[in-house]
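Taken in order, the sequence shown gives residues -29 to -1, 1 to 95; the numbers are from mature numbering (1 follows the signal peptide of the UniProt record, and there is no 0).
Presented below is the structure to which this report refers.
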Amino acid sequence: MKHFTQVGKQTLIALIAAGTLSAPAALLAADPAAGAAGWTKEYPAPDGSETRSCATCHGTDLTQPGRQVNTGKTIEPMAPSVNPQRLTDEKKIAKWLLRNCRWTLGRECSETEKADFIAYIKTQ
């Protein structure tokens, strides 16, 4: 099996999420239920002062705007059903998954976690 670099994996995830590429289930099985569970799972902040989850900024109703907790900036709804621009730009998908996973989880998300989050968002 061909090995992918980290950038290659991120691009693959982004292409699949954007619907421009399909992959065999054995290569990348995405589970919307796991994505939903991960969305609300709380992770400790690096300094231990608080906990964070995807829902901290994006909320639990992805059809509604969220708010970045540090800046107060409004985040457009994540749900493609109300925000058709979501999950259409592979570079943005890779960029924001990297940033948000690092901030929320304190590390980069695994390829499985990314696929699960994207599968969950697509159901909204």
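Ideal placement from N, C-alpha and C gives every residue a C-beta, glycine not left out.
Select from the options the residue whose C-alpha is nearest the C-alpha of residue i.
| i | options | result |
| --- | --- | --- |
| Glu21 | Pro36, Val40 and Trp10 | Val40 |
| Arg57 | Leu33, Asn71 and Cys80 | Leu33 |
| Pro51 | His29, Thr94, Asp2 and Lys85 | Thr94 |
| Cys25 | Ala65, Lys85, Pro36 and Asn71 | Asn71 |
| Cys28 | Lys63, Ser81, Thr42 and Asp60 | Thr42 |
By Cβ distance, which residues of its chain are closer than 6 Å to residue i, with the 5 residues on each side in sequence left out?
| i | result |
| --- | --- |
| Leu76 | Tyr14 |
| Asn54 | Glu47 and Pro48 |
| Ala7 | Tyr91 |
Just verifying my parser: in three-state terms, what is the DSSP assignment at residue i?
| i | result |
| --- | --- |
| Arg70 | helix |
| Pro15 | strand |
| residue 118 | This structure leaves residue 118 out entirely; the chain is present only between -29 and 95. |
| Thr75 | helix |
| Gly37 | strand |
Can you tell me where the alpha helix (DSSP H) holding residue i begins and where it ends?
| i | result |
| --- | --- |
| Asp87 | Glu82 to Lys93 |
Looking only at its chain, what residues have a beta carbon closer than 8 Å to the beta carbon of residue i, apart from the 5 residues adjacent to it on each side?
| i | result |
| --- | --- |
| Pro3 | Asp87, Ala90, Tyr91, Lys93 and Thr94 |
Please go through the same chain and pick out, in chain order, the residues whose beta-carbon is closer than 7 Å to the beta-carbon of residue i, but skip the five residues on each side of it.
| i | result |
| --- | --- |
| Glu79 | Leu69, Cys72 and Arg73 |
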